[in-house]
Amino acid sequence: MSWGDHASTDSATLRLAAAVAEIEGLHAALAHTGEPERRRRLLAELARSATRLADLAATPPGRIPAQARLNSRRQRRRAAVLRGARWLTDRLS
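If you count by this note's numbering, then the sequence shown holds residues 267 to 359, one letter each, in order.
Here it is as structure tokens:
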């Protein structure tokens, strides 16, 4: 692989990263809003996003490529995402 090229990333990993980014964005918006109606909408959307993240994080390990399973940093991140998704769904439900 030449300099600047990147190996392709697993689509499940990209979906997880997108779900986490969505939650981070909603949390930031929630922290900066004072309007009760907007706050209520953001909380509802955050709850839906947390459920979506929990569903994505609960995918069976067999669907993750073998190379990713051996990478401990990715394992730790996936476990952290799963814990965070569970915490959010418990807190917002």
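Heads up, the beta-carbon is just placed ideally off N, CA and C, and yes, glycines get one too.
Please tell me whether residue i and residue j are closer than 8 Å, where the distance is taken between their beta carbons.
i: A313; j: L358; result: yes
i: I289; j: L309; result: no
i: A323; j: R343; result: no
i: A316; j: A351; result: yes
i: E311; j: L280; result: no
i: R305; j: L296; result: yes
i: T355; j: A278; result: no
Determine the DSSP secondary structure at residue i, reduced to helix, strand or coil.
i: T355; result: helix
i: A324; result: coil
i: T317; result: helix
i: T216; result: Since the first residue shown for the chain is 267 and the last is 359, residue 216 is missing from the structure and cannot be characterised.
i: E301; result: coil
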